[in-house]
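A.B. asks:
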Amino acid sequence: MQQHYPFSEIEARWQRYWETEGLFHTDTDTAENKYYCLMMFPYPSAALHVGHGRNYIIGDAVARYKKMRGYNVLTPMGWDAFGLPAENAAIKTGIHPRASTLRSIATMKRQLRAWGACYDWDREVASCHPGYYRWTQWLFLKLYENGLAYKAAAPVNWCSSCHTVLANEQVVDGRCERCEATVEAKRMEQWFFRITAYAQRLIDDLERLDGWPERVKTMQRNWIGRSEGTVLEFELTPRDDGRPDPLASVKCYTTRVDTIYGCTYMAMAPEHPALADLVRGLPTEAAVQEYSRRAAQRATHERIADEQQKTGVFSGRYVINPYNGERIPLWIADYVLMDYGTGAVMAVPAHDTRDWAFAQHYDLPIRISIQNPEQSLDLATMTDAYTDDGITADSGQFSGLPNREAITRMTDFAKEHGFGGPMVHYRLRDWLISRQRYWGAPIPIVYCDACGTVPVPENTLPVQLPDDVEFRPTGESPLASSPAFMQTPCPACGKPARRESDTMDTFVDSSWYFLRYLSPRDEQRAVDSETCNRWLPVDQYIGGIEHAILHLLYARFFTKALHDIGLIGFGEPFAQLFTQGMICKRSEKDGQLYKMSKSKGNVVSPDSLIAEYGADTVRLYTLFIGPPERDAEWNDQGIEGASRFLRRLWRRVYEMRDGLRAVTDLPLPALGECTPAERELRRKTHATIQHVTQSMDGAFHFNVAVAQIMELMNVLDTHDPGPSATDITRRVVREALETIILLLSPFAPHIAEELWIQLGKPPGILNASWPEVDPAALIVDETEMVIQINGKTRGRGRLAAGLDDDAVRQAVLEWDIVKKHTAGKPVRRVIVVPDKLVNIVC
RNA sequence: GCCCGGGUGGCGGAAUGGCAGACGCAACGGACUUAAAAUCCGUUUUCCGAAAGGAAGUGCGGGUUCGACUCCCGCCCCGGGCACCA
32 MQQHYPFSEI EARWQRYWET EGLFHTDTDT AENKYYCLMM FPYPSAALHV
82 GHGRNYIIGD AVARYKKMRG YNVLTPMGWD AFGLPAENAA IKTGIHPRAS
132 TLRSIATMKR QLRAWGACYD WDREVASCHP GYYRWTQWLF LKLYENGLAY
182 KAAAPVNWCS SCHTVLANEQ VVDGRCERCE ATVEAKRMEQ WFFRITAYAQ
232 RLIDDLERLD GWPERVKTMQ RNWIGRSEGT VLEFELTPRD DGRPDPLASV
282 KCYTTRVDTI YGCTYMAMAP EHPALADLVR GLPTEAAVQE YSRRAAQRAT
332 HERIADEQQK TGVFSGRYVI NPYNGERIPL WIADYVLMDY GTGAVMAVPA
382 HDTRDWAFAQ HYDLPIRISI QNPEQSLDLA TMTDAYTDDG ITADSGQFSG
432 LPNREAITRM TDFAKEHGFG GPMVHYRLRD WLISRQRYWG APIPIVYCDA
482 CGTVPVPENT LPVQLPDDVE FRPTGESPLA SSPAFMQTPC PACGKPARRE
532 SDTMDTFVDS SWYFLRYLSP RDEQRAVDSE TCNRWLPVDQ YIGGIEHAIL
582 HLLYARFFTK ALHDIGLIGF GEPFAQLFTQ GMICKRSEKD GQLYKMSKSK
632 GNVVSPDSLI AEYGADTVRL YTLFIGPPER DAEWNDQGIE GASRFLRRLW
682 RRVYEMRDGL RAVTDLPLPA LGECTPAERE LRRKTHATIQ HVTQSMDGAF
732 HFNVAVAQIM ELMNVLDTHD PGPSATDITR RVVREALETI ILLLSPFAPH
782 IAEELWIQLG KPPGILNASW PEVDPAALIV DETEMVIQIN GKTRGRGRLA
832 AGLDDDAVRQ AVLEWDIVKK HTAGKPVRRV IVVPDKLVNI VC
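Quick note: the first sequence uses our numbering, first residue 32, plus one each step.
1. For the candidate residues Arg713, Thr610, Val288, Pro277, whose alpha-carbon lies nearest to that of threonine 439?
2. Distance check for glutamine 623 and alanine 875, CA to CA, integer angstroms please.
3. Helix, strand or coil for glycine 293 per DSSP?
4. For arginine 859, tell me which candidate among Lys851, Asn870, Glu709 has the shortest Cα-Cα distance.
5. To the nearest angstrom, how far is the alpha carbon of arginine 458 from that of histidine 582?
6. In the DSSP output, what is histidine 456 paired with across the bridge?
7. In this structure, what does DSSP give as the bridge partners for threonine 195?
8. Which runs of the alpha helix (DSSP H), 4 residues or longer, sit entirely within the stretch 641-699?
9. Please identify the residue among Ala854, Asn798, Ile291 whose C-alpha is closest to the C-alpha of glutamate 52.
10. By Cβ distance below 6 Å, which residues in the same chain neighbour serine 532 in space, the five residues on each side in sequence not counted?
11. Checking the sheet assignment: what are the DSSP bridge partners for alanine 157?
12. Note down, in chain order, each residue of its chain lying with its Cβ closer than 7 Å to the Cβ of leucine 267, except the 5 sequence neighbours on either side.
13. Measure from the alpha carbon of valine 156 to the alpha carbon of each residue in Thr106, Thr853, His781, then state which is nearest.
14. Put lysine 616 into one of helix, strand or coil per three-state DSSP.
15. Near proline 551, what residues of its chain come up, given a Cβ to Cβ distance below 6 Å and the 5 sequence neighbours on each side ignored?
16. If we count the other Cβ atoms within 10 Å of its Cβ and call it buried at 16 or more, is histidine 717 buried or exposed?
17. Grab me the residues of leucine 170's own chain with a C-beta within less than 7 Å of its C-beta, minus the 5 sequence neighbours each way, in chain order.
18. Beta-carbon separation of proline 794 and tyrosine 48 under 8 Å?
19. Exposed or buried, which one is valine 694 when buried takes at least 16 other CB atoms within 10 Å?
20. Which residues in the same chain have their Cβ closer than 7 Å to the Cβ of threonine 653, if we skip the five residues on either side of it in sequence?
21. Can you tell which of Gln739, Met613, Thr537 has the C-alpha that lies nearest to the C-alpha of phenylalanine 113?
22. Does the beta-carbon of asparagine 119 have 16 or more other beta-carbons within 10 angstroms, so that it is buried, or is it exposed?
23. With DSSP collapsed to three states, give me the class of serine 346.
24. Are phenylalanine 429 and alanine 437 touching if we call contact CB-CB under 8 Å?
25. Counting C-beta neighbours from all protein chains within 10 Å, is the total for alanine 77 16 or more, i.e. buried, or is it exposed?
26. Touching or not, the stretch 636-649 and the stretch 674-681, by the rule of three or more beta carbon pairs under 8 Å?
27. Alpha carbon to alpha carbon, how far is threonine 760 from arginine 661? Give it in angstroms, no decimals.
28. Measure the C-alpha to C-alpha separation of arginine 134 and isoleucine 126 and round it to an integer number of angstroms.
29. Could you say which of Phe545, Cys294, Ala842 lies nearest to alanine 606 if we only look at CA atoms?
30. Nearest to arginine 398 by alpha carbon, out of His392, Glu405, Asp386?
31. Cα separation between proline 658 and glycine 90?
32. Would DSSP call lysine 526 helix, strand or coil?
33. Quick one: Cα of tryptophan 146 to Cα of threonine 138, how far?
34. According to the neighbour-count rule (16 or more other Cβ atoms, all chains shown, within 10 Å of its Cβ), is aspartate 696 buried or exposed?
35. Is it true that the CB of arginine 547 sits closer than 8 Å to the CB of tyrosine 229?
36. For glycine 574, which beta-bridge partners are listed by DSSP?
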């Protein structure tokens, strides 16, 4: 053994050992006591930085810990390998996305190994591999067969910089989630997955996900956006010119039907499909169409940007309020969204801030129909809409009701009279999966002039990506430029037909990879149902919070859909979810804290750090940096602490190992044989085991776990097992040192393995058991009691442990410190917290 | 606007209602060294005090309690999600 910690040499050696021993190779056929530990598979960008590392280090620590606890652990790894960056690079450099992706994968795999992260590499998958995307295509066909995939013309989010459409989930504040370019509204024929069919189940099943952070569940709930309300049908009054109407009524959706008697106009979205028919031939037609045309050009986010400036135009038509028969004007207004509800709203200016603003601007009537509890609402003094609860007023037969009750009564009334009823609405839209790009799984559909839309037969999959394409950004998929790809006989009639040229959103690839890990090379089927049913749901899923909605919602949807199709027997993919915080770093330019990323220029590469300090030091610091669920600031100096600690541990083993080896076979001493110092070390050892185990099983607070191990080390350092030490001292020190190494091994596995054998143990510390707490060692004879007088800490004193409250009272009242502070005042009360604290009230 | 987090030394952060600041970083002082690195020892919330000791202190203001970083009420600030959602 060397005196100085030779991290490079031992890390390389143990990494080889783990690989040749097949440390995390898992037989999923026979496995019992299973534990599926999964990290979100990465997109192969050029290289990993220490911010990415947090995910893999946490996952590796959990996997190693569970293995030591006797679980049969499955930890696979793969690559979310389709995607835009590689294709954009191809446009710039001419390097084929496949080539650059494979190179990135090689680099990242090397980096993961250098970190000491262990996976069952035999199960590696890459979503860009035909052996994988063949089954992505197959799953598309299954969804298609089951009515869950469809093509429709719809207004879509177009990113002119990425030259493709985006799903709603990929638009953030009107900008492309990836490149931050402004998203434009465009009408296109696109493929969708019917995720809305699962809206309610996606909400309901969140209840069962006890192992998910509340934050993520709330975000998903908000995103799905369930709203309960009432749908009402307003009849149109006949046209003045007596011409027939193709449309008899207009539907609107409201959550506040209780305010209906205050409704003074109706407002309709400019994109409403009935609009053209409504105004045809009217004097207002030209104005309405012009208004509608201009509004449609502005994307939704633009329209909502200037909230105050609500615009609209009178349609020239009127509708009848079904509750009171009143005739009210029908307006077209751009604050009404076609996307939500029915695209038309009943406007109640007195009780809705938007309607209020609109009515003020266009001088429309305002009428109070809900009174506040003070009955003081008065149009003359109101400066804004009253939107709180209250009592219905001037509302015909419904007057005088608490408004919540009125909602139920009025909705029932609508249903009884056939002009409406309850309605549940969701904000969630169907998932748009078409992408006008090359580097993705081709949508396996053929268009035939005779047969229409024809699915590609399963046995001819995969529809392979062609190589003869040009990566020119045109707004059309590069696949369309490949005649060899596009021209194909119709699978149904054999006549010449065209292939679909769009590829699938890469979130489709990542919606089922956790199933494929169970049978990664199976050429007969996408998923091995039986094995999946045994091993899933995933026991612990670990990844970034940025996927709270996107990936995690899609994967949940896929799991439910595949469950209903009969491929799997479970409805939720991930039992426990842990979302680690981002690693940030202060920018050298402006001193601000930013998420570590290449574009911000604040990345720290693991390669040079590992070369300088070793992987274990990088791992230990990454875990120690702060609570793992929170964002953390990377501090270049902080790593010194981790490095010092491991060097110190190495040195201790180096200095002590001869003395400690001598007592290997000695049994642990009984409590009575120990000196007070030895007993204290044993107590600390076992208290540390208890605390670290709790940290690992609970909230994954590795930062605290590492701190506790450091504390034990600090206590150990006060003991000298040198030549003059007794065997008992040595034995107790040995126990403490072994414990440190065992507890540390999930965090810093290489040094733990090495020190383990240096203590004379067999190689392979993961096969050693996690240490057990010896309750006897935790027992103490004497404790230090904190003395409080009137709630203020005044000192402390030693007292026999386990005394009853009266005995403590008696003893403590005799102490000088107590006498001094009570100073003759009568003691009114003594509160005793056993073995901890006494508070004397006087 | 609504819904979640969070606010503790110079810094990262610890604390089942019971010693606030564990552990680490940085800084300062000292030992070892020709010197440096490494290592080791000590100091480090603020204020008063030579010290012993005392006072204040966990974003702000109240409250509950023998006792509050922790629980309750009302605010402020920071971060995140949703949002002309009818």
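Where a beta carbon is used, it is the ideal one built from N, C-alpha and C, also for glycine.
C.D. replies: So, from the listed chains and residues:
1. For the residues Arg713, Thr610, Val288, Pro277, the minimum Cα distance to threonine 439 belongs to Val288.
2. Outside the displayed span of the chain (32 to 873) sits residue 875, for which this structure offers no information.
3. Correct three-state label for glycine 293: helix.
4. For arginine 859, the nearest C-alpha among the options comes from Asn870.
5. Approximately 18 Å between the Cα atoms of the pair.
6. The partner list for histidine 456 (beta bridge, DSSP) reads Ser258.
7. Beta-bridge pairing by DSSP links threonine 195 to Cys190.
8. Fully enclosed alpha helix (DSSP H) runs of 4 or longer: 646-655, 670-692.
9. For glutamate 52, the nearest C-alpha among the options comes from Asn798.
10. For serine 532, where only same-chain residues beyond five positions count, the Cβ hits under 6 Å are Ser508, Leu510, Ala511.
11. Alanine 157 pairs with Trp110.
12. The residues are Asp276, Leu278, Ala279, Ser280, Val281, Arg348, Val350.
13. When only C-alpha atoms are compared, the closest one is Thr106.
14. In the structure shown, lysine 616 falls within a strand segment according to DSSP collapsed to helix, strand and coil.
15. Residues Arg154, Val156 of the same chain have their beta carbon placed closer than 6 Å to that of proline 551, with the five preceding and five following residues left out of the count.
16. Of the residues assessed, histidine 717 falls on the buried side of the cut-off, its CB having 16 or more other CB atoms within 10 angstroms.
17. The beta carbon of leucine 170 lies closer than 7 Å to those of Trp543, Ala557 in the same chain, with the five residues before and after it left out.
18. Going by beta carbons, proline 794 and tyrosine 48 fall inside the 8 Å limit.
19. That one is buried.
20. Setting aside the 5 residues that flank it on each side, threonine 653 is surrounded in the same chain by Val81, Gly84, Arg85, Ile88, each with a C-beta closer than 7 Å to its C-beta; the list follows chain order.
21. Taking only the C-alpha atoms, the option nearest phenylalanine 113 is Thr537.
22. Within a 10 Å sphere around the beta-carbon of asparagine 119 sit 16 or more other beta-carbons, which makes this residue buried.
23. It is a strand residue.
24. Taking 8 Å as the cut-off, the Cβ atoms of phenylalanine 429 and alanine 437 count as close.
25. Exposed, because fewer than 16 other Cβ atoms sit within 10 Å of the Cβ of alanine 77.
26. Using a Cβ-Cβ distance cut-off of 8 Å, the stretch 636-649 and the stretch 674-681 are in contact, since at least three pairs of beta carbons, one from each stretch, lie closer than that value.
27. Roughly 41 Å between the two C-alpha positions.
28. Separation of arginine 134 and isoleucine 126 (C-alpha to C-alpha, rounded to the nearest whole angstrom) is 11 Å.
29. Per the Cα distances, Phe545.
30. The closest CA to that of arginine 398, considering only His392, Glu405, Asp386, is found on Asp386.
31. Just so you know, the alpha carbons of proline 658 and glycine 90 end up roughly 15 Å apart.
32. Residue state, collapsed to three classes: coil.
33. Near 13 Å, if we compare the C-alpha coordinates of threonine 138 and tryptophan 146.
34. Result: exposed.
35. Contact flag unset, no.
36. By DSSP's assignment, glycine 574 forms a beta bridge with Thr610.
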